[in-house]
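Written below as structure tokens is the structure these notes are about.
Numbering (our numbering), first residue to last: 11 to 151.
In structure tokens, the structure reads:
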């Protein structure tokens, strides 16, 4: 099963809204939607229901770290959840596992939230006082 989802985010100061497409192809599909404000991001995730599941466990990790499968970051029966207050400057990875009273599934495909590149305008350094005669060029190096 292949599913393509999109997510968008906005900053509170309206600098640059963005759009990113994610594709996942196995047991679960995860939709990531982020709302960025004041250095933190809230990531909302959704996945397809699994037949026979009593519930789901969500795990997340920062880039370069490993999942702690002994302690889910969220557990419940819904097929959506939101992880609040993540650092907007870091990359996060998410997986979901279905479970019932007998067994827990393996990981879903991994979904990733990455910080947006901010397109800041260039900043000119002061050049001091310069003078040039009429019709002559003033050059900068």
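Using N, Cα and C, we set each Cβ at its ideal position, and we do this for glycine too.
Report the CB separation of residue 122 from residue 101 in whole angstroms; it is logged as a contact under 8 Å. A Cβ-Cβ distance of about 7 Å is found for the pair residue 122 and residue 101, placing them in contact under the 8 Å criterion.
For residue 49, which residues from the same chain have a beta carbon less than 8 Å from its beta carbon, with the 5 sequence-adjacent residues on both sides left out? Only 97, 98 and 99 meet the Cβ criterion.
Alpha-carbon spacing of residue 132 relative to residue 79, whole angstroms: Roughly 44 Å between the two C-alpha positions.
Taking the alpha carbon of residue 60 as the point to measure from, which residue in 69, 90, 75 and 82 has its own alpha carbon closest? Cα-wise, what sits closest to residue 60 is 90.
Contacts around residue 140, its chain only, beta-carbon distance under 8 Å, and the 5 residues preceding and following it disregarded: Leaving aside the five residues that flank residue 140 on each side, the residues in its chain whose CB is nearer than 8 Å to its CB run, in chain order, 148.
Is it right to say residue 81 is buried, meaning 16 or more other beta carbons lie within 10 angstroms of its own, or is it exposed? Exposure of residue 81 is indicated by the presence of fewer than 16 other C-beta atoms within 10 angstroms of its C-beta.
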